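Counted the way our numbering counts, the sequence shown spans residues 90 to 364.
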Amino acid sequence: MEYDYAYFQKSADYILDRAGFIPEVAVILGSCLGPFAQRIADPVVIDYKDIPNFLVSTVSSHAGKLILGTVAGKKVVCMSGRFHTYEGYDFEQLVIPIRVFQCLGVKATVLTNAAGAINTDYRPGDVMIIKDHIKLTGASPLRGRNLEEFGPRFFDISRMYTPALRALALSCAEGSGLRVHEGVYFFFTGPQFETPAEIRAARILGGDAAGMSTVTEALTAAHCGMPLLGLSVMVNMAAGVLDTPISDAEVDRTAAMIAGAFSDYVEKIIGRMDV
Ligand code: HPA
């Protein structure tokens with residue numbers, strides 16, 4: 090399916106009508122990072138299924154709700170639950186959330202995710218500010234007819250993870266109680282975790298964390314020139330780093346353990362954003 094500008098504007102009009110204000114910052118919450126949503130003051134909660142032309146989450150740990158309100162003095166729109174290619178969505182469909190944010194008028198986006206640590210200096214519970222990514226699989230979400238209203242056909246992505254926001258996130262790490270790194274996110278399509286050989290290959294290629302999300306949204310944001318911050322929470326060591334299989338229970342446990350400190354960290358960053 091090919092979309093036109095009006096397709097995304099229709100979702101945005103519905104959201105603006107329900108919320109009654111234009112959000113400044115968009116936040117997408119990764120798997121198990123949902124507790125951040127409780128930080129949003131005066132929330133207006135909209136089910137994805139009620140938004141025209143939007144998608145629905147099929148992952149049980151994703152709430153499937155858009156929450157608009159205030160965090161640290163900034164108006165935010167927050168997706169509690171995101172969409173992944175492993176759910177069966179085409180890459181072309183995965184442009185929808187960011188394009189709707191752009192139509193809403195947001196000034197910056199924060200993408201968060203849970204990831205596996207490829208870098209053996211990292212530990213579960215660490216945070217990685219994404220400085221770059223590697224995506225060797227799948228098409229681009231920007232494939233197909235280009236919508237000039239959002240951006241040009243060909244576009245530079247060498248600084249897509251906005252340097253000023255990375256610097257801000259680094260400066261906010263102090264006093265957060267978190268171990269915060271800057272590193273490279275290696276995209277895998279999932280839903281299976283990777284093989285140990287894939288993780289060894291990713292490490293040789295320069296990957297620090299493995300994950301199944303974020304990159305499609307990041308590319309869509311880069312296309313429309315939206316300032317972008319990506320944050321990965323290490324919820325497990327990637328396949329083969331340890332001698333034990335990756336368990337979903339371990340992933341959930343680490344995410345639950347880190348949710349409070351991570352939410353504080355994201356709140357502090359949003360509060361200091363110059364939007
Ligand atoms: N690999 C890919 N995605 C993930 C992982 C992982 O090890 N952990 C959480 N999301």
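Note that CB positions come from ideal geometry on N, CA and C, so glycine has one too. Keep in mind the model is a prediction, meaning the values are calculated, not measured.
**Item:** Beta-carbon proximity of I359 to A161, cut-off 9 Å
**Value:** In contact: I359 and A161 (Cβ atoms closer than 9 Å).
**Asked** Is A204 near the ligand HPA, going by C-beta to nearest heavy atom under 8 Å?
**Response** Yes, the Cβ of A204 comes within 8 Å of a heavy atom of the ligand HPA.
**Item:** CB of I117 within 9 Å of CB of E306, strictly
**Value:** Contact: yes.
**Request:** Could you work out which residue in F190, S260 and V273 is closest to I219 when comparing CA atoms only?
**Result:** Closest by alpha carbon: V273.
**Item:** G153 versus R232: straight-line alpha-carbon distance, rounded
**Value:** Using only the alpha carbons, I get a separation of about 26 Å.
**Asked** What's the gap between the Cα of T343 and the Cα of G314?
**Response** Taking the straight line joining both Cα atoms gives about 34 Å.
**Asked** When every heavy atom of the ligand HPA is checked, does at least one fall within less than 8 Å of the C-beta of E283?
**Response** Correct: E283 has its Cβ closer than 8 Å to the ligand HPA.
**Request:** Throw me the rounded Cβ distance for the A299 and A204 pair, which I believe falls under 8 Å.
**Result:** A Cβ-Cβ distance of about 6 Å is found for the pair A299 and A204, placing them in contact under the 8 Å criterion.
**Request:** Measure the alpha-carbon distance for G349 versus I207 and round it to whole angstroms.
**Result:** Cα to Cα, G349 sits roughly 24 Å from I207.
**Message:** To the nearest angstrom, how far is the alpha carbon of H270 from that of A310?
**Reply:** When rounded, the distance between both Cα atoms is 23 Å.
**Prompt:** How is C313 classed by DSSP in three states: helix, strand or coil?
**Reply:** In this structure, C313 counts as coil in the three-state DSSP scheme.
**Item:** Identity of the residues DSSP links to V160 by a beta bridge
**Value:** K163.
**Asked** Does the separation of the CB atoms of R268 and R212 fall below 9 Å?
**Response** Their beta carbons are under 9 Å apart, which means R268 touches R212 by this criterion.
**Asked** Could you give the uninterrupted runs of the alpha helix (DSSP H) lying entirely in the segment 215–264, keeping only those of 4 residues or more?
**Response** You should have 252–262.
**Under 9 Å between C-beta atoms of P316 and A258** = No, the Cβ-Cβ distance between P316 and A258 is not below 9 Å.
**Request:** Compare the C-alpha of T226 against each of T209, K163 and M301 and name the closest.
**Result:** Among T209, K163 and M301, the Cα nearest to that of T226 is on M301.
**Request:** In the DSSP assignment, find the beta strand (DSSP E) that holds D136 and state where it starts and stops.
**Result:** Segment A130 to D136, the beta strand (DSSP E) holding D136.
**Item:** Per-residue DSSP class, three states only, for V340
**Value:** Collapsing the DSSP output to three states places V340 in a helix.
**Item:** Paired residues, beta bridge with G119 - DSSP
**Value:** G119 pairs with nothing; no bridge assigned.
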